[in-house]
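In my numbering, the protein residues as written are 10 to 382.
For glycine and all other residues, C-beta sits at the position ideal for the given N, C-alpha and C.
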C-alpha cells in the first residue's frame with residue numbers, strides 16, 4: 010500500500026459507473042484512484058502498469074468478466090484485492106458467491122433505477138466503508154505476519170485452559186445438558202471461510218446449525234446452494250416455521266431476521282421482518298438473543314470473520330445463560346471485527362484458527378445424527 014493512500018483501479022464496462030465510482034472514491038480521504046478499465050483484459054494490463062492495491066470489479070463485462078480476473082489473480086498469487094459490484098439478480102447472486110470464494114474481499118450491489126446523485130450517495134454509503142475496512146485489514150495483516158504463529162496453530166482457550174477444560178467437562182457430563190443447537194454469525198470474508206470450514210463438519214453432527222451471514226436477499230440462497238453441494242451436512246436457506254434438525258444447517262434469508270422458538274417440544278425457526286439491528290438484517294444479535302432465551306446453556310455460539318460488532322451483545326447473553334462460545338482467531342480472519350470483542354471480553358471459551366473451528370464445533374456439539382444426504 011502506498012504512503013499516499015490505498016491505490017484503487019476502477020473496473021467496469023459502463024462509462025457511467027466508472028465515472029460515478031471514480032468521483033466517489035476521489036472524494037474519500039486515503040483513497041487514490043490510479044485509473045480505470047473497461048473490461049477484465051484491460052484491467053490485467055493496467056494492474057501490471059499501475060500496481061493498484063485494490064480493484065472495484067464489475068462482474069459482467071465483455072472480453073473478460075470479473076470472475077476470470079479473480080481466477081487470473083489467484084493463479085498468479087497476486088496481492089491485489091477486489092471488491093465486487095454485483096447485479097441484484099439471481100444470476101448476479103450466484104456469480105457473487107463464486108467471486109467471494111475466489112478471494113474477493115467483499116461486494117456491493119449496484120444501484121439501479123436511481124439518478125446519478127442517488128447512485129453516488131448509495132455507493133458512498135455502501136462501498137467506501139468496505140474499501141476502508143480493506144485498507145485497515147491490509148495494514149493489520151502486515152503487522153500480524155511479523156508476529157503471529159501460522160494459521161494451523163492449535164486452538165487456544167480464553168481466558169485460561171484449565172477453566173475451559175472444566176467447562177467442557179461440565180457440558181459433557183451435565184444431565185440433559187448437551188447442546189441443542191449451534192448458532193453462527195459471520196460477515197465480511199464469510200462465504201470463503203464457510204466454504205473452507207463447513208465441509209469439515211461431519212454429516213452426523215448431533216445438533217442443527219443456524220447461520221447468519223450478512224447478505225442481501227437472493228445472495229443467501231445462492232450461498233446455501235453452493236455450500237450444500239460440498240458439505241456432508243444438508244445446507245439450505247431457512248424458511249419460516251421450519252423445524253431445525255440435527256445434521257442440517259439453515260442460513261438466515263438475506264434482508265430478513267431469523268430467530269428460534271420452541272413449539273410443542275420442537276425447535277423451529279421464525280423468519281420475520283423485524284427492524285435491523287447493528288444496521289444488519291439478518292443480525293447475529295437477533296438470532297443469538299433468541300437462542301439464549303430458548304436454549305440457555307444448551308447452545309454453542311460461534312463468531313467468525315466480519316466487520317463491526319454484531320454478535321457481541323448476543324454472545325454476552327448466551328454466555329450469561331451458560332452457553333459455550335467459539336471465536337475465530339485474528340490471524341485467519343479477513344476482518345477481525347466481530348470476533349474481537351467476545352475474545353477480548355473473555356466471553357470466548359475457545360479462540361480457534363479457521364482450520365480448527367469445525368473440529369471445535371463437533372467436539373462441543375457431539376455426533377450421532379443420522380446422515381441426511
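- Cα atoms of residue 256 and residue 309: separation of roughly 15 Å, rounded to the nearest angstrom.
- Given a length threshold of 4 residues, each whole run of the alpha helix (DSSP H) inside the segment 323–369 is given here in chain order: 349–353.
- DSSP, read as helix, strand or coil, puts residue 274 in coil.
- In the structure shown, residue 116 falls within a strand segment according to DSSP collapsed to helix, strand and coil.
- According to DSSP, residue 268 shares a beta bridge with 279.
- Straight-line measurement puts the Cα of residue 242 at about 8 Å from the Cα of residue 214.
- Per the DSSP secondary-structure output, residue 376 pairs in a beta bridge with 214.
- In summary, residue 358 is buried, with 16 or more beta-carbon neighbours lying within 10 Å of its beta-carbon over all protein chains present.
- For residue 245, no alpha helix (DSSP H) encloses it; the enclosing beta strand (DSSP E) starts and ends at 243–246.
- Rounded to the nearest whole angstrom, the C-alpha separation of residue 314 and residue 348 is 7 Å.
- Within the same chain, 42 come within 7 Å of residue 35 by CB-CB distance, once the 5 residues on both sides are set aside.
- Here residue 197 is buried. Its C-beta has 16 or more other C-beta atoms within 10 Å.
- If one requires a minimum length of 3 residues, the beta strand (DSSP E) runs lying completely within the segment 14–51 are 15–20 and 40–46, in chain order.
- Burial of residue 107 is indicated by the presence of at least 16 other C-beta atoms within 10 angstroms of its C-beta.
- Less than 9 Å separates the beta-carbon of residue 19 from that of residue 31.
- Pairing residue 342 with residue 334 gives a Cβ-Cβ distance that is not under 9 Å.
- Boundaries of the alpha helix (DSSP H) harbouring residue 84: 75–84, taken from the DSSP string.
- Across the set 119, 49, 363 and 352, the C-alpha of 119 shows the shortest separation from the C-alpha of residue 25.
- The beta-carbon separation of residue 79 and residue 113, rounded to 6 Å, stays under the 8 Å limit for a contact.
- Sequence-distant Cβ neighbours of residue 283 in its own chain, meaning closer than 6 Å and more than five residues away, are 266.
- Note that the C-beta distance between residue 245 and residue 261 is not below 9 Å.
- When 192, 205, 212 and 208 are compared, the shortest CA-CA separation from residue 221 is found for 192.
- With 16 or more other Cβ atoms inside 10 Å of its own Cβ, residue 298 counts as buried.
- Residues of the same chain with a CB within less than 7 Å of the CB of residue 294, apart from the 5 flanking positions on each side, are 286, 287, 319, 320, 322 and 323 in chain order.
- Per DSSP, reduced to three states, the secondary structure at residue 67 is strand.
- Residue 362 counts as buried, since at least 16 other C-beta atoms from the protein chains shown sit within 10 angstroms of its C-beta.
- The beta-carbon distance between residue 234 and residue 280, rounded to whole angstroms, is 18 Å. This is too long to meet the 8 Å contact definition.
- The three-state reading of DSSP puts residue 253 in coil, since its state is none of H, G, I, E or B.
- Short of 8 Å from the beta carbon of residue 76, and not among the five residues preceding or following it, lie these beta carbons of its own chain, in chain order: 68, 104, 107, 108 and 111.
- The DSSP-derived three-state label of residue 125 is helix.
- Excluding sequence positions up to five before and after residue 128, its CB lies within less than 6 Å of the CB of 29 and 120, all in the same chain and listed in chain order.
- In this structure, 217 is the residue among 83, 73, 217 and 145 with its C-alpha nearest to the C-alpha of residue 254.
- Residue 312 is bridged by DSSP to 194 and 336.
- Within the same chain, 186, 330, 331 and 332 come within 7 Å of residue 306 by CB-CB distance, once the 5 residues on both sides are set aside.
- Taking 9 Å as the cut-off, the Cβ atoms of residue 14 and residue 44 do not count as close.
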